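Counting with my numbering, you get residues 571 to 826 for the letters of the sequence shown. Using N, Cα and C, we set each Cβ at its ideal position, and we do this for glycine too. Please read all numbers here as calculations on a predicted model, not as lab measurements.
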Amino acid sequence: MRFLSTVSQLLLAGVAVAQGSSGNCSPSSSDVQVVEYGYALSYFLDRYYNQVALNQTFLMSATNDSDAEYYPNFQGIQRLNRLGVRAVQQLGSRISGFTAPNCSFTFPSASGGDEFVKNALTLESTVAGAYIALAGYTQAPEVSFLWARLAAEHTAHAYYLASNQQDVLFPANSSGLVPAYSPAFVLSTDSQKGNMGRYLGNCVTAPPAPCGQTLFIGPLGATLAANVSASAAASSSASLSASATPSPSWAKRALF
Numbered sequence: 571m572r573f574l575s576t577v578s579q580l581l582l583a584g585v586a587v588a589q590g591s592s593g594n595c596s597p598s599s600s601d602v603q604v605v606e607y608g609y610a611l612s613y614f615l616d617r618y619y620n621q622v623a624l625n626q627t628f629l630m631s632a633t634n635d636s637d638a639e640y641y642p643n644f645q646g647i648q649r650l651n652r653l654g655v656r657a658v659q660q661l662g663s664r665i666s667g668f669t670a671p672n673c674s675f676t677f678p679s680a681s682g683g684d685e686f687v688k689n690a691l692t693l694e695s696t697v698a699g700a701y702i703a704l705a706g707y708t709q710a711p712e713v714s715f716l717w718a719r720l721a722a723e724h725t726a727h728a729y730y731l732a733s734n735q736q737d738v739l740f741p742a743n744s745s746g747l748v749p750a751y752s753p754a755f756v757l758s759t760d761s762q763k764g765n766m767g768r769y770l771g772n773c774v775t776a777p778p779a780p781c782g783q784t785l786f787i788g789p790l791g792a793t794l795a796a797n798v799s800a801s802a803a804a805s806s807s808a809s810l811s812a813s814a815t816p817s818p819s820w821a822k823r824a825l826f
């Protein structure tokens with residue numbers, strides 16, 4: 571009995587030490603910029619799908635429309651994007667200082683359904699890559715969990731669209747995993763794949779990486795290193811992303 575009592579005391583002491591050393595892992599004010607940027611990504615896609623009257627007539631000109639069932643699937647994608655916006659809003663409501671950005675977006679033009687679907691593929695794959703990278707910009711599990719979930723959601727949308735636009739989705743000579751784009755790179759106004767600055771405008775600013783360092787993104791993983799300027803980090807993200815190509819073919823198309 572004394573042995574069991576001693577073991578119990580040791581276990582309780584271990585729990586107390588673990589609790590004391592775990593720190594505060596809840597979302598904090600340091601996550602405000604991260605969540606506002608994440609909100610802008612979801613809200614942009616939500617607005618993209620609502621800027622035109624999506625109907626069967628409009629989508630009839632899209633490649634492979636008869637098999638893709640674009641109309642009912644886009645209705646579902648619209649619903650899922652609204653849920654994504656709501657999820658970020660709910661997360662933000664628990665963080666002091668969070669304010670949903672008041673964004674004025676511009677959107678890529680589409681003269682018909684085929685161009686609209688192609689643009690949607692590019693945007694979905696870009697936002698998926700943006701959320702993958704964003705998971706590395708927080709130390710709060712609740713925040714990184716949501717970014718991981720949204721990255722998976724938009725990757726699923728991108729694969730659905732790509733499967734009806736392209737024959738080969740997984741090249742045998744791929745040298746990198748699904749692309750990840752740092753916030754500074756996404757907000758750039760350049761026209762490389764992964765850039766969305768010309769459409770997001772000045773809605774949000776790039777959040778800093780945690781721990782006072784810079785997150786360098788490579789073709790397989792990411793590394794925290796000495797802090798550098800946002801422009802240098804974006805350049806690194808671009809070069810490392812380029813070194814990962816060919817990546818999954820649906821993610822290779824430059825943004826307009």
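Cβ-based burial, residue i [other Cβ within 10 Å; buried from 16]
i: G646; result: exposed
i: N689; result: buried
i: F614; result: buried
i: G662; result: buried
i: T759; result: exposed
i: G682; result: exposed
i: P642; result: exposed
i: G667; result: exposed
i: F755; result: buried
i: N743; result: exposed
i: C773; result: buried
i: F740; result: exposed
Coil, strand or helix - residue i by DSSP
i: I787; result: strand
i: S591; result: In this prediction, S591 scores a pLDDT of 41, lower than 50, which makes its location untrustworthy; the coordinate-derived value is nonetheless stated afterwards. Residue state, collapsed to three classes: helix.
i: T793; result: strand
i: I665; result: coil
i: V774; result: coil
i: L739; result: coil
i: T725; result: helix
i: K763; result: coil
i: S674; result: coil
i: T708; result: coil
i: V697; result: helix
i: V602; result: helix
i: A779; result: coil
i: Y769; result: helix
i: N734; result: coil
i: L747; result: coil
i: L757; result: coil
i: A690; result: helix
i: G682; result: coil
i: S714; result: helix
Among the options, the one whose alpha carbon lies nearest that of residue i
i: L775; options: S596, C595, D601, N594; result: What sits at residue 775 in the sequence shown is Thr, not Leu. Per the Cα distances, D601.
i: G764; options: P777, L650, A796, L691; result: L691
i: Y640; options: A610, G667, L611, V687; result: V687
i: A698; options: S612, P789, A795; result: S612
i: A736; options: A623, G608, A632, T627; result: Note that residue 736 corresponds to Gln in the displayed sequence, not to Ala. Out of A623, G608, A632, T627, A632 has the C-alpha closest to the C-alpha of Q736.
i: R664; options: F677, A680, A710, Y619; result: A710
i: G788; options: R656, A638, A750, H724; result: A750
i: L693; options: P642, Q762, G706, N625; result: Q762
i: V658; options: V605, P778, S596; result: V605
i: D684; options: L731, V738, L650; result: L731
i: G782; options: A795, G791, S744, F677; result: A795
i: L653; options: P597, Q603, R617; result: R617
i: G771; options: A754, F675, P753, F668; result: F675
i: S673; options: A792, G791, G767; result: Reading the sequence as shown, one finds Cys at residue 673 and not Ser. Nearest C-alpha to C673: G767.
i: N521; options: E712, S733, P678; result: Lying outside 571 to 826, the shown extent of the chain, residue 521 is not represented and no answer is given.
i: A757; options: S598, C595, G608; result: According to the sequence provided, residue 757 is Leu. The question's Ala does not apply to it. For L757, the nearest C-alpha among the options comes from G608.
i: Y707; options: T793, N620, Y619, N594; result: T793
i: S596; options: A722, F715, A700, T627; result: F715
i: P777; options: L720, A726, Y769, Y701; result: Y701
i: F677; options: L785, W717, Y769; result: Y769
Which parts of the stretch 607-663 are runs of the alpha helix (DSSP H), unbroken and 4 residues or longer, counting only runs that do not cross its ends? 626-629, 635-638, 640-662
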